[in-house]
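Okay, structure first, notes after.
Here is the structure:
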């Protein structure tokens with residue numbers, strides 16, 4: 007009986023995790039650098055969706071490279087935070103201890 011309950015709970019976890027993964031794939035997180043000169047958009051699975059560069063900064067390659075890196079890193083950091091929060095909500099909703107998922 008206990009095994010059936012545990013199996014059912016694991017199936018619930020898998021189902022909820024699949025739903026969260028699909029939501030994260032659709033989630034778009036934007037960050038910018040250089041006062042908006044470079045904007046990066048990533049999804050909740052840390053994939054780059056788009057990168058926009060203001061033509062005025064395109065002349066200074068070193069600055070442009072730094073701004074691109076900064077915008078992407080900020081967007082990816084935010085994306086990881088969103089993903090962690092969503093996964094924690096799955097664990098909390100099932101009464102699982104934090105950090106298990």
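Residue numbers (our numbering): 7 to 107. Just so you know, even glycine gets a beta-carbon here, dropped at the ideal spot from N, CA and C.
Neighbour-count burial assignment, residue i, 16 or more Cβ in a 10 Å radius
i, result
"residue 21", "exposed"
"residue 85", "buried"
"residue 13", "exposed"
"residue 81", "buried"
"residue 98", "exposed"
"residue 39", "buried"
"residue 28", "exposed"
Whole-number beta carbon distance between residue j and residue i, since they are thought to touch under 8 angstroms
i, j, result
"residue 47", "residue 35", "7 angstroms"
"residue 37", "residue 77", "5 angstroms"
"residue 88", "residue 33", "6 angstroms"
Cα-Cα separation between residue i and residue j, rounded to whole angstroms
i, j, result
"residue 54", "residue 11", "40 angstroms"
"residue 50", "residue 96", "15 angstroms"
"residue 75", "residue 67", "12 angstroms"
"residue 92", "residue 72", "30 angstroms"
"residue 83", "residue 18", "28 angstroms"
"residue 57", "residue 70", "12 angstroms"
"residue 79", "residue 9", "44 angstroms"
When you compare the stretch 53 to 67 with the stretch 28 to 44, are there three or more beta-carbon pairs, one atom per stretch, that lie closer than 8 angstroms? The stretch 53 to 67 makes contact with the stretch 28 to 44, as at least three CB pairs between them are under 8 angstroms.
For the stretch 27 to 76, list the beta strand (DSSP E) runs that are entirely contained and at least 3 residues long, ordered along the chain. Within the stretch 27 to 76, the beta strand (DSSP E) runs of at least 3 residues that lie entirely inside it are, in chain order, 34 to 39, 44 to 49 and 54 to 59.
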